[in-house]
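Just so we're aligned, residue 8 is where the sequence shown starts under the working numbering, counting upward by one. A virtual CB, placed ideally from N, CA and C, is assigned to each residue, including glycine.
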Amino acid sequence: MFKAFFSAPHRVMFALGALQSLLAVLFWAADLGGRYAGLYGAPAWALPGIWLHGALMLFGLFPPFIFGFLMTALPKWVSAPALTRGQYLPAFALLAGGWLLFWGGLLAAPLAVSGLVVASLGWLWGLVALARAVTWPQPRGFAPDRSHAYALLAALGLGLVALWAYAWGLAAMAGDGVRAGIELGLWGCLLPVFFIVSHRMLPFFTAAVLKNYTIYRPMPLLWLVLACFLGHALLALVGWHGALWLPDAVAAAVVIHFSWKWQLRRSLAVPMLAMIHGATVWLGLGLVLYACQGLALALGGSFGGLAPLHAISIGYFVSMLLGMVTRVTLGHSGRPINAGDQTTWPLFWLFQSVPLLRIAGEFLPLSGPFNLQWLASLAWLLVFALWVRRHGAMYLRPRPDGQPG
Numbered sequence: 008m009f010k011a012f013f014s015a016p017h018r019v020m021f022a023l024g025a026l027q028s029l030l031a032v033l034f035w036a037a038d039l040g041g042r043y044a045g046l047y048g049a050p051a052w053a054l055p056g057i058w059l060h061g062a063l064m065l066f067g068l069f070p071p072f073i074f075g076f077l078m079t080a081l082p083k084w085v086s087a088p089a090l091t092r093g094q095y096l097p098a099f100a101l102l103a104g105g106w107l108l109f110w111g112g113l114l115a116a117p118l119a120v121s122g123l124v125v126a127s128l129g130w131l132w133g134l135v136a137l138a139r140a141v142t143w144p145q146p147r148g149f150a151p152d153r154s155h156a157y158a159l160l161a162a163l164g165l166g167l168v169a170l171w172a173y174a175w176g177l178a179a180m181a182g183d184g185v186r187a188g189i190e191l192g193l194w195g196c197l198l199p200v201f202f203i204v205s206h207r208m209l210p211f212f213t214a215a216v217l218k219n220y221t222i223y224r225p226m227p228l229l230w231l232v233l234a235c236f237l238g239h240a241l242l243a244l245v246g247w248h249g250a251l252w253l254p255d256a257v258a259a260a261v262v263i264h265f266s267w268k269w270q271l272r273r274s275l276a277v278p279m280l281a282m283i284h285g286a287t288v289w290l291g292l293g294l295v296l297y298a299c300q301g302l303a304l305a306l307g308g309s310f311g312g313l314a315p316l317h318a319i320s321i322g323y324f325v326s327m328l329l330g331m332v333t334r335v336t337l338g339h340s341g342r343p344i345n346a347g348d349q350t351t352w353p354l355f356w357l358f359q360s361v362p363l364l365r366i367a368g369e370f371l372p373l374s375g376p377f378n379l380q381w382l383a384s385l386a387w388l389l390v391f392a393l394w395v396r397r398h399g400a401m402y403l404r405p406r407p408d409g410q411p412g
C-alpha cells in the first residue's frame, strides 16, 4: 500500500488535498454553526476564525492539488524527465507536517504560525523542483513552448510571498499582513494558476474529444488577463478600491470571450469535459460581480459583499478542481476517464448548490438552521465526502493495469 502511495506525486499530494478539503470545510461548518447560524456558542479559537478560514482556503486546500497536478503534468509540457521521489516527497512531507502543526494552532496560536512557516518550506521545495524541470536542458534545435510553465512558476512564487505575509500577519496579529496575504494569494497566485491551466489544458482536452474542434489559445489574451489579475491585487494593496472595476471588467470580457470560443455548448455532450468548461463560466460570472462591486465603490456605494469572492473561490476553483483532479486520478490509476461520468458528474451538479447558496447568503441573511452560509458548508462537506469515498482509495492501490505511477 505505502509503496503505491509514494510512487507518484499526484498520489501523495491529492491525498493530502482531499484530507485538507474535508478538515477545512468541517472546521468552517463548525465555526459557521456557532457564529452565523447561532446553533450553539461561537467556538473560541486561538486566532480569529475568519483568519484561520482564510489561511486554510488560500494555502491549505488548493495548493496540494496544484502541486500534485503540476508535478505530474509540467515536466511533460516541457519534455523534461518525470520528477523523482527526492523532488516531490520532501515537499509533501513539509506541507503535510506544516498543516498538522497549523491544526494545533486552533488552540495555540504559535503552532498556527509555525505550521505556515513549515508549509512554506514545502511550497519552496516544490517550486524549486518544478523550476528545475522547466529549465531542463533540451537537445539543440528542440525548444518546447515553456510560456505557460514560466507563468505558473511566477504565480507560485507570488503565492509563496503571500504565504509569508499571511504568517507574519498571524504572528504579529496584523490585519495588514493578513490582507496582503489574501490579495496576493488570490489574485497573484490561485487565480493565475487556475486560469493558466485552463488556458493550456481546456482546449487540448476538448480537441481530443470533439470532432472538428479548432484549438483557441492566443497568448496575448492570456497575458492581458494575468495583467488584470495582478492589477487588481496591486490596486487593492494600495487602497485604490474605486479603480478595481476596470481590470475586473476587462478580465471578465476576455474570460467570457474565451468561454464562447472554447465552445461550452458542445462540451455538454461529454460530462468530464463539461465540468471544466462549466467552471470557466463561474470565473466569468465572478469577475462580472467584482466589476459591478468595484463600480459601486467608485460611485460611493456598495454591492455584493463576499459574493464575487465566493463565485470564484467556490464556483470556479472547486468546480475546476473536481473536473481536473478526477481526470488525473482516473487516468493515472489506469482507469478510463469516462468512468467519472457516472460518479463525479452527479457530484459536480450537486456541488453547484454550494456557490449558489453561499452567494444567496450575501443577499438573504437568515439565522438558525436556515442560515445559507452554514448550509453551503454542509453541502460542500457532503460532496467532498462522497468524492473521497469514491476516489480516495485509488491513491493507495497499485494501478490495475500493472503500469507504474
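If you draw a straight line from the Cα of residue 395 to the Cα of residue 304, it is about 41 Å long. Spanning the alpha carbons of residue 311 and residue 216 requires a straight line of approximately 38 Å. Nearest in C-alpha terms to residue 376, of all of 31, 13, 9 and 45, is 45. Membership of residue 171 in the alpha helix (DSSP H) is indicated by the continuous run 154-179.
Exclusion of the five residues before and after residue 73 leaves 200 as the residues of its chain whose Cβ lies within less than 7 Å of its Cβ. Along the region 54-103, the alpha helix (DSSP H) occurs as fully enclosed runs of 4 or more residues at 56-62 and 69-84, listed in sequence order. DSSP places residue 213 in the helix class (H, G or I) of the three-state scheme. The Cβ atoms of residue 193 and residue 65 sit closer than 8 Å to each other. Contact annotation, residue 141 with residue 85: C-beta distance approximately 5 Å; criterion of less than 8 Å satisfied.
If the five residues before and after residue 405 are omitted, its C-beta is found closer than 6 Å to the C-beta atoms of 11, all from its own chain and listed in chain order. In this structure, residue 219 lies away from residue 279, with their beta-carbon atoms at least 8 Å apart. A contact between stretches requires three or more CB pairs, one per stretch, nearer than 8 Å, and the region 112-127 meets this requirement with the region 176-186. In this structure, the beta-carbon distance from residue 82 to residue 89 falls below 8 Å. Judged by DSSP in its simplified three-state form, residue 218 adopts coil rather than helix or strand. Residue 378 carries a coil assignment under DSSP once its states are collapsed to helix, strand and coil. In this structure the region 385-392 lies against the region 27-38, because at least three pairs of beta carbons, one per stretch, are closer than 8 Å. Nearest neighbour of residue 131 by Cα position, chosen from 154, 71, 183 and 260, turns out to be 71. Here the C-alpha atom of residue 37 lies approximately 13 Å from the C-alpha atom of residue 386.
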